DNA sequence: GTGAAAGCGCTAACAA
DNA sequence: TTGTTAGCGCTTTCAC
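Chains as they are written, first to last, in the working numbering: chain A, 112 to 453; chain B, 112 to 453.
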């Protein structure tokens, strides 16, 4: 910067003014400075700026794994939402490692002003960790509720109920659910429990008796486990005409296992998933699902974080919980077929 | 930091020593400082560190879109490779926007020491842009060759040839290719051209005459376009017993269109893709593909970048081109089926 | 409209 | 083993 000032024959302050688009700089001076900048290939040192401003303009996003479609699509949306506010995003992978989740949460990601945190292992019982965090955090997901931070989540049970109600509306009565986690611990709330709850509510509302043989455990939620659970279900010989997979990855496995067993989808068995990942649009048949409103989640979370990072906010607001709007997306696997195949 | 020093009754330097795990600190002093740190919730200011060190410890990764499986999986691998070297990663999405690619390349991502750059629009003709870049850049992908920076790429034509040779080895003779880009411009080298070249080489080597009706254009490489191209191919009525999709996204669409047309895979038509994205493991039938060695790509690229960022490297090395090892992954869609389905 | 100087938080060099 | 000082590159304040 000093060199630029020297070359342009001005002070560093004027260079700074030009770089920051300060209004009151004579056009001629501005041009001379810009020329010098180009000449020397000067790039402002962002660390120095960050030091001066007290903020880096970078936020962190911590997710389990980027190769899981859901999180890749979430990260995509978060990056775009952050960009719209002039922020960059550092992405950290937690990798299903509890210790790592604790470390990232308590220390934050380097060089960031705040963190969007989507844990996979931490639960309600770790809520106290959030109390101690010294920088702005917005929580994503369903693992922890009632913490001291802002939180963006989805209508798990309501959306699950809507999914099953859709199956019921298609005339299905023997509706299996794949992906339950039977080893519930007291105080733990997991997406699987909430979605199962919605499933049961929908059955009850339709006057369909619950049949525990139709509730199949599968964890973690990967296609392999969805396929295995479906094979188990088929092996029991119990009758069913629909499957609600608790997420789309499971649903991919369900479709696969049904295909292997020559059950036609949706004729013999209707299938609906949860998350509406891109992959579901490309299967044969295409997969019905619940769209959790990823753009809304990303936008809201970034907005909340920005607000918490902003020191100008006079009063510290109490923590907010935002649940994004969801949507039932009907595709071929549940008898829709109106939507363009891909 | 001053406050911590005050509370612990030491100088800021000692606090610094403790924070940086400097060896020669008396255990008792260290404990006192650590206590003060915990007490005050002190977190080192990374901007100040970055300013002092002349580096931020953050690198940038610029890719077209994170929701495209290939790039999500690449980003996953890059983040892990960077983490292994103590670096964080800021991810920028280029979104198929040429101007944005130019901006990101020339300005870099904020707060980063270097950039891994995987453009989608810039081509050979933009090589000169790379000349002007004032910070370490490693190029990823197949769009630009012969530039002044290090470059990590894959054996496009060789791998494509191996894919088609695999189909030939399965006894296929009427092998279609989906995903060509017919509007070649002079001097442009695109992955599609390189892979098509490999396809033709394999046919020639097997003594199979080339049939232009079997070369189907599709762009961009999305499932929808793969499906459309396959439907077109089917509509022409020309005979074929295998399809080489130039990437896996196209292949998903190919599988879909074949399924709709009741062509059995692999019995009637064998299919192989390129990229080996996770999604290919979960289709019915599972998808054969070319594994481009993502871990190797990520590791090599990060290593090269780190080396260029390191001022201790005495001589500036000439630009290097590393082509990662690939692997033909045989799954059900090309008559394999030995690999575990999911 | 432009310049001079102070200081953001940290660590390397040196001193004690 | 610990303390003091200078300065990394920038922007803010206050002169001019």
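C-beta atoms are modelled at their ideal positions from N, C-alpha and C, and glycine is treated no differently.
Model, not experiment: these values are computed from the prediction.
Drop a sphere of 10 angstroms on the beta-carbon of residue i, count the other beta-carbons inside from all chains shown, and report buried for 16 or more, exposed for fewer.
i	result
residue 451 of chain A	Any reading at residue 451 of chain A must be qualified, since the residue scores a pLDDT of 44, below 50, and its modelled position is unreliable; the value itself is stated next. Classification of residue 451 of chain A: exposed, given that the 10 Å Cβ count is below 16.
residue 449 of chain A	Reliability fails at residue 449 of chain A, whose pLDDT of 43 lies under 50, so the model's placement of it is uncertain and the value that follows must be treated cautiously. Classification for residue 449 of chain A: exposed.
residue 402 of chain B	buried
residue 242 of chain B	exposed
residue 132 of chain A	exposed
residue 379 of chain A	exposed
residue 239 of chain A	exposed
residue 453 of chain A	Note that residue 453 of chain A has pLDDT 42, beneath the 50 cutoff, so the model's placement of it is unreliable and no number is given.
residue 177 of chain B	buried
residue 358 of chain B	buried
residue 299 of chain A	exposed
residue 303 of chain B	buried
residue 432 of chain B	exposed
residue 146 of chain A	exposed
residue 446 of chain A	buried
residue 122 of chain A	exposed
residue 181 of chain B	buried
residue 293 of chain B	exposed
residue 391 of chain A	buried
residue 138 of chain A	exposed
residue 149 of chain A	exposed
residue 323 of chain B	exposed
residue 350 of chain B	exposed
Hey, would you say residue i sits closer than 8 Å to residue j, going by beta carbons?
i	j	result
residue 436 of chain B	residue 192 of chain B	no
residue 152 of chain B	residue 428 of chain A	no
residue 353 of chain B	residue 305 of chain B	no
residue 175 of chain A	residue 207 of chain A	yes
residue 225 of chain B	residue 420 of chain B	yes
residue 126 of chain A	residue 141 of chain A	no
residue 274 of chain A	residue 439 of chain A	yes
residue 314 of chain A	residue 341 of chain A	no
residue 291 of chain A	residue 328 of chain A	yes
residue 455 of chain A	residue 157 of chain B	Here chain A comprises residues numbered 112 to 453, so residue 455 of chain A is not present and cannot be evaluated.
residue 201 of chain B	residue 223 of chain B	yes
residue 154 of chain A	residue 119 of chain A	no
residue 264 of chain A	residue 308 of chain A	no
residue 384 of chain A	residue 356 of chain A	yes
residue 337 of chain B	residue 289 of chain B	yes
residue 285 of chain A	residue 325 of chain A	yes
Using a Cβ cut-off of 8 Å, pull out every chain A residue sitting near residue i, in sequence order please.
i	result
residue 159 of chain B	158, 162
residue 256 of chain B	Ordered by position in chain A, no residue passes the 8 Å Cβ test against residue 256 of chain B, which lies about 25 Å from the chain.
residue 187 of chain B	176, 177, 178, 204
residue 228 of chain B	Correct list: empty, because the minimum Cβ distance to chain A is about 15 Å.
Using a C-beta to C-beta distance shorter than 8 Å, which residues of chain B count as neighbours of residue i?
i	result
residue 199 of chain A	201, 203, 220, 221, 222
residue 190 of chain A	177, 202, 203, 204
So residue i and residue j are in contact, right, with Cβ under 8 Å, and what is the actual spacing, rounded?
i	j	result
residue 205 of chain A	residue 287 of chain A	In fact, because the Cβ distance is near 31 Å, the residues do not count as touching under 8 Å.
residue 413 of chain A	residue 196 of chain A	6 Å
residue 186 of chain B	residue 172 of chain B	6 Å
residue 398 of chain B	residue 444 of chain B	5 Å
residue 366 of chain A	residue 347 of chain A	Residue 366 of chain A to residue 347 of chain A, Cβ: 19 Å. No contact.
residue 258 of chain B	residue 251 of chain B	The Cβ separation is near 12 Å, so there is no contact.
residue 188 of chain A	residue 405 of chain A	5 Å
residue 233 of chain B	residue 209 of chain B	7 Å
residue 230 of chain B	residue 212 of chain B	5 Å
residue 260 of chain A	residue 430 of chain A	6 Å
So with CB distances below 7 Å, who are the chain B contacts of residue i?
i	result
residue 390 of chain A	390
residue 398 of chain A	Ordered by position in chain B, no residue passes the 7 Å Cβ test against residue 398 of chain A, which lies about 11 Å from the chain.
Hey, is residue i close to the ligand FMN, as in C-beta under 7 Å from one of its heavy atoms?
i	result
residue 417 of chain B	With respect to small molecules bound, the structure shown includes none, and the ligand FMN cannot be examined in it.
Find the residues of chain A that neighbour residue i, judging by a C-beta separation of less than 7 Å, and give them in chain order.
i	result
residue 152 of chain B	245
residue 248 of chain B	Here the premise fails: no neighbours, minimum Cβ distance about 13 Å.
Taking Cβ-Cβ distances below 7 Å as the criterion, which residues of the region 404 to 425 of chain B are in contact with chain A? none
Please name the residues in the region 168 to 185 of chain A whose beta-carbon is closer than 7 Å to at least one beta-carbon of chain B, in chain order. 168, 169, 176, 177, 178, 183, 184
At a Cβ cut of 7 Å, what residues of the region 330 to 346 of chain A count as close to chain B, listed as they run along the chain? 334, 335, 338
In the region 122 to 135 of chain A, which residues sit with their C-beta less than 9 Å from some C-beta in chain B, listed in chain order? none
Which of the residues in the region 348 to 369 of chain B, read from start to end, lie with their CB under 7 Å from any CB of chain A? 363, 364, 366, 367
What are the residues of the region 273 to 295 of chain A that lie near chain B, defined by any Cβ-Cβ distance shorter than 7 Å? none
Name, going along the chain, the residues of the region 376 to 390 of chain B whose beta-carbon falls closer than 8 Å to a beta-carbon of chain A. 389, 390
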